[in-house]
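J.: Numbering (this note's numbering), first residue to last: 17 to 632.
Yeah, the Cβ is synthetic: ideal placement off N, Cα and C, and Gly gets one too.
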Amino acid sequence: MFYFGNIWDARRKCPPSISLFLGGRFEEVLQHDSSKQIIGQNPGNNKYLDGAIVHNVQSYLTTEAGDDTSLRELEVLVTGAACLQLFVQNNWLGPLTSAPPSCFLPDAWRDDTMVQDLALTFLTEDDMGLVVSAMSGDTTSSARPKSPTLRATILERIEDISKKETLLTSDSNRDIAVLFHVEASRLCQLYWEDAHSREHVAQAKKLAGIQVELTGALGKRTRFQEEHKAQLMVRVTREQGEETLSQCSFCASEIGVPKNLPMEDDTVLNKIDFKNAEDNIAIKLCPLEQALLFAVMEAHRRAVASERLTEEEVMAYLDFILDQVTSWSVAVSALVRRSVMEKNSRRRVERSMQQLEELVNNIHRQEPTAAHRLHLFYAVLPPASWVLQGELATLLISLGCVGAALDIYERLHLWEDAILCYQQLGKREKAESVIREQLAVKETPNLLCFLGDVTRDSSHYQRAWELSNQRSARAMRCLGYVHFSEERYDAAVECFEKSLTINSLQIPVWFTCGCACMAAEKYEDAVRAFRRCVNIDYDNFEAWSNLATAYARLKKVSTLLADFTLEPADRLKNLGRQQYIDPVSGFIPEDMVSVCQSLEDELQTVISKLEELKSS
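1) Taking the runs of the beta strand (DSSP E) that are 3 residues or longer, which of them lie wholly in the segment 258 to 334?
2) Opposite V228 in the DSSP bridges: which residues?
3) Using the C-alpha atoms, what's the distance from L463 back to A315?
4) Check whether the Cβ atoms of Q371 and P111 lie closer than 8 Å to each other.
5) Taking buried to mean at least 16 other C-beta atoms within 10 Å of its own C-beta, is S561 buried or exposed?
6) Secondary structure at A643, three-state DSSP: helix, strand or coil?
7) What is the DSSP secondary structure of T528, counted as helix, strand or coil?
8) In three-state DSSP terms, what is K446?
9) Along the alpha helix (DSSP H) that carries L38, what are the first and last residues, could you check?
10) Measuring CB atoms only, is the segment 409 to 420 touching the segment 114 to 121, in the sense that at least three cross pairs come out at less than 8 Å?
11) Does DSSP put G110 in a helix, in a strand, or in coil?
12) Helix, strand or coil, according to DSSP, for R472 in the structure here?
13) Let me know the secondary structure DSSP gives T182 once reduced to three states.
14) What did DSSP end up calling R364 once you bin it into helix, strand or coil?
15) Tell me the rounded alpha-carbon separation between I337 and K52.
16) Figure out for me which residue from R317, R389 and K359 has the closest Cα to the Cα of V346.
17) With a cut-off of 8 Å, does the C-beta of D49 fall near any C-beta of chain B?
18) Counting only the same chain and skipping the five closest in sequence on each side, list residues whose C-beta sits under 8 Å from that of R11.
19) A518: which of M492, A507 and D541 sits nearest, CA to CA?
20) Would you kindly check if the distance between the Cβ of V92 and the Cβ of V73 is under 8 Å?
21) To which residues of the same chain is Q454 closer than 7 Å at the C-beta, ignoring the five residues directly before and after it?
22) Name the one or two DSSP bridge partners that A246 has.
23) How would you label Y64, buried or exposed, when you count the other beta carbons within 10 angstroms and need 16 or more for buried?
24) Short of 8 Å in beta carbon distance, which residues of its chain neighbour V376, apart from the five on each side in sequence? Order them along the chain.
25) Tell me, please, whether the segment 357 to 370 touches the segment 246 to 254 by the rule of three or more beta-carbon pairs shorter than 8 Å.
26) Here's a check: name, in chain order, each residue in its chain whose Cβ is nearer than 8 Å to the Cβ of A115, leaving out the five neighbours to either side.
27) Does the beta-carbon of V194 have 16 or more other beta-carbons within 10 angstroms, so that it is buried, or is it exposed?
28) Taking the alpha helix (DSSP H) that A421 belongs to, which residues open and close that run?
29) Work out the CA separation of S35 and K458 for me, nearest whole Å.
30) Per the contact definition of three or more C-beta pairs closer than 8 Å, is the segment 521 to 530 in contact with the segment 547 to 555?
31) In chain order, what residues of the same chain have a beta carbon less than 7 Å from the beta carbon of V525, not counting five sequence neighbours either side?
32) Excluding five sequence neighbours on each side, which residues of the same chain lie with their C-beta closer than 6 Å to the C-beta of D433?
33) How is Q74 classed by DSSP in three states: helix, strand or coil?
34) Near R479, what residues of its chain come up, given a Cβ to Cβ distance below 7 Å and the 5 sequence neighbours on each side ignored?
35) Straight-line CA distance for S50 to R88?
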């Protein structure tokens, strides 16, 4: 949030750099003389960029400037804010800048490699004090204690601002207060402070004077639906006497938004057609209120379980927002959320792909301007451009467009994902070439595991295990599969157990480990493995079947029967291979025969199962 208000006397002329910033011309801000003095010089030949900037800021603020000291502090703030806005413009919303950002730095740091190494150094040291100071404008307060992490710093700043009652309770600052709470809510969500996030959302709704509720109304979803059915919808109402925020400085102009693509399905309607006409008409919200509604939706989504009902509730919020959205950032956030939810729907997956592709293409288009796109960006924090492209690539792979996904991964230098694409395309030689190129840059356990997958050389898995200091579950898992395929079952069990010690939620590994134990005649261990399988995934009928066989081999039939009468076996009927499952007991018929033979009083069951197998 960048809001300057009336910070200088109206009789004084607005400085050029500030005028450029307020006009959204951020590149021109950094080309201004004041910005060049702050970030474009290195008079002391400092080794690091942060040292040069600190020196330049101190020099700029202590230079004889008469009554312009406060103005110079403001110019320092504007320079830092312009850097942040350009960073967001290039990496989130577009359009891309005409020149690389490094061109604004001194000659010594215009080399991309040097800048990248410097950035990684800061990230490694977790020293974000300079960045936080530049973002908050706190360049002159050296007495403030440093925070050990960026998270603690942000939460501390939010708490400090929340205590400024005069600023947040004045009617003249109502729009600023609402925006602050919406932004604070989003930041709290980034650090999983969901309780604090909900508090900020509640405070923002109270200040904005709006009420939001999920309710129901009769309507139709499909073109051929004859009867109206109950449908979820969002209802927004204003408290009596409250005025809209549409006159606030953040909502002064409506701008263009990304294209909201229709579904174009021959059965499902583009949106719900409600029976009552008034249910199809929502109250008009200004952009700031739309951002607030998006925050309400996110807070609700994160507070409930991820299930089908939650998806329907979130879609109700998104439909309400997208019907009237006028902010670019809010529109991008809502469209991305909808696309991610629709990618698993057979009738909606095509729109999901097209919508993500449209959003990715918008980054390279020159219209609208960056100033329009950045409007309310910090209130909703849409995903970065590379995240959008990654989502698109993942969706393309699910649709079988592996080649198109590969192009995206190569452009983003996501080599591990690219290697998986090469493997799916059967290009093992190309995959091996890419892996060895990346290993020459830096040797990592994952890359060594990929090399083992491609070359089928188990020594690479062992090397990955050693390089990870015995912490790579994948290395032992892959090595275990190699031993299992070569019928070295004892060695396979040992590898699987090491992998499961690191990550105990690998269902396929538990299952294969159980099979290896069965082959090695370690039935007690097999029971333990298959039990863990069904504990994690109760509907895994193959694991239940193998568990039954393991118990039968141990002659513990009574324990076996107790396991299989815990719950009705009809939970297995909906599985894809239900035709192979007995509809009464849930056993696979062949295993049922093997088990029943262990019981003297179950001979009739043996006969009936044999007859089933004979007729099948």
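T.: Once the coordinates are examined:
1) 284 to 290
2) What you label residue 228 is simply residue 212 of the sequence shown in a count that begins at 1. V228 pairs with V252.
3) The count along the sequence shown starts at 1 and reaches residue 315 at position 299. The count along the sequence shown starts at 1 and reaches residue 463 at position 447. Rounded to the nearest angstrom, the two C-alpha atoms are 38 Å apart.
4) If you number the sequence shown from 1, residue 371 lands on position 355. If you number the sequence shown from 1, residue 111 lands on position 95. Not a contact, by the Cβ cut-off of 8 Å.
5) Here residue 561 corresponds to residue number 545 of the sequence shown, with the count starting at 1. The residue is buried, with at least 16 neighbouring Cβ atoms inside 10 Å.
6) Given a span of 17 to 632 for the chain in the structure shown, any question on residue 643 remains unanswerable.
7) Position 512 of the sequence shown holds residue 528. It is helical.
8) Here residue 446 refers to the residue found at position 430 of the sequence shown. Helix at K446.
9) In the sequence shown, residue 38 corresponds to position 22, counting from 1. That run of the alpha helix (DSSP H) goes P32 to L38.
10) no
11) Working through the sequence shown from its first residue, we reach residue 110 at position 94. Here G110 sits in coil by DSSP.
12) Stepping through the sequence shown from its first residue, residue 472 is reached at position 456. Of the three classes helix, strand and coil, the one that applies to R472 here is coil, per DSSP.
13) In the sequence shown, residue 182 corresponds to position 166, counting from 1. DSSP places T182 in helix when its eight states are reduced to three.
14) Position 348 of the sequence shown, counting from 1, holds the residue named residue 364. Here R364 sits in coil by DSSP.
15) Residue 337 sits at position 321 when you count from the first residue of the sequence shown. Residue 52 sits at position 36 when you count from the first residue of the sequence shown. Approximately 42 Å, taken between the alpha carbons.
16) Position 330 of the sequence shown, counting from 1, holds the residue named residue 346. Nearest C-alpha to V346: R389.
17) The structure shown contains no chain B; it holds only a single protein chain.
18) There is simply no residue 11 to check, as the chain begins at 17 and stops at 632 in what is shown.
19) Translated into the one-based positions of the sequence shown, residue 518 becomes position 502. Note that residue 518 corresponds to Ile in the displayed sequence, not to Ala. Among M492, A507 and D541, the Cα nearest to that of I518 is on M492.
20) Translated into positions along the sequence shown, residue 73 becomes position 57. Translated into positions along the sequence shown, residue 92 becomes position 76. Against a cut-off of 8 Å, the Cβ pair of V92 and V73 comes out as a contact.
21) Here residue 454 refers to the residue found at position 438 when the sequence shown is read from its first residue. So the list reads W431 and L463, once near-sequence residues are dropped.
22) Within the sequence shown, residue 246 is the residue found at index 230, counting from 1. According to DSSP, which records beta bridges pairwise, A246 is partnered with L234.
23) Taking the first residue of the sequence shown as position 1, residue 64 is located at position 48. Y64 comes out exposed.
24) Position 360 of the sequence shown, counted from the first residue, corresponds to residue 376. Excluding the 5 residues flanking it on each side, V376 has same chain C-beta neighbours closer than 8 Å at S401, L404, Q405 and L408, in chain order.
25) no
26) As a first step, residue 115 is located in the sequence shown; it is residue number 99 there, counting from the start. If we look at A115 and ignore the five residues flanking it on each side, its Cβ neighbours are E43.
27) The residue labelled residue 194 in the question sits at position 178 within the sequence shown. That one is buried.
28) Your numbering for residue 421 matches position 405 in the sequence shown. Residues V418 to L428.
29) Position 442 of the sequence shown holds residue 458. Position 19 of the sequence shown holds residue 35. K458 and S35: Cα-Cα distance of roughly 47 Å.
30) By the criterion of at least three beta-carbon pairs nearer than 8 Å, the segment 547 to 555 is in contact with the segment 521 to 530.
31) Within the sequence shown, numbered from 1, the residue matching residue 525 stands at position 509. Contacts found: R493, F512, S515 and L516.
32) On the sequence shown, position 417 is the one that residue 433 refers to. Answer for D433: Y425, listed in chain order.
33) Sequence index remark: in the sequence shown, residue 74 carries index 58 (1-based). In this structure, Q74 counts as helix in the three-state DSSP scheme.
34) Residue numbering aside, residue 479 sits at position 463 when the sequence shown is read from its first letter. The answer, listed in chain order, is L464.
35) Residue mapping note: residue 50 aligns to position 34 of the sequence shown, counting from 1. Residue mapping note: residue 88 aligns to position 72 of the sequence shown, counting from 1. For S50 and R88, the distance between alpha carbons rounds to 9 Å.
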